[in-house]
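One structure is given below, encoded as structure tokens.
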């Protein structure tokens with residue numbers, strides 16, 4: 001997704017999370033929504049960006065060609081929680097509910 005003029009990170013990532021919940025590799029380099037040294041962002045902004053994306057896409061293994069580390073997962077959960085879209089399980093037999 002490099003060079004795609006993505007401006008709103010939260011909307012874009014929410015859409016990816018919903019439609020691609022098993023996404024493992026993602027690169028968002030050279031997008032306005034992805035701060036980096038190349039577009040005037042600071043290291044702290046880049047780290048916060050990574051934490052947000054990691055928290056929203058829990059199966060992500062690589063972001064911007066760098067592996068997602070266990071330490072980043074911990075920081076992502078501290079900063080943003082874990083945004084996981086949970087699917088409802090179908091009831092196996094609704095009539096077997098204890099009364």
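Numbering (full-length UniProt numbering), first residue to last: 1 to 99.
The beta-carbon is built from N, C-alpha and C at its ideal position, and this holds for glycine as well.
When beta bridges are read from the DSSP output, residue 66 appears opposite 63. Collapsing the DSSP output to three states places residue 43 in a helix. By the Cβ test, the segment 39-50 is not in contact with the segment 10-25, since fewer than three Cβ pairs between them sit closer than 8 Å. One Cα belongs to residue 79, the other to residue 33, and the distance between them is close to 18 Å. Residue burial annotation: residue 59 is exposed, with fewer than 16 other C-beta atoms found within 10 angstroms of its C-beta.
Selection 61, 64, 56, 66 evaluated against residue 76 yields 56 as nearest (Cα-Cα). Taking C-beta atoms under 8 Å as the contact rule, residue 47 and residue 28 fail to qualify, at a distance of about 14 Å.
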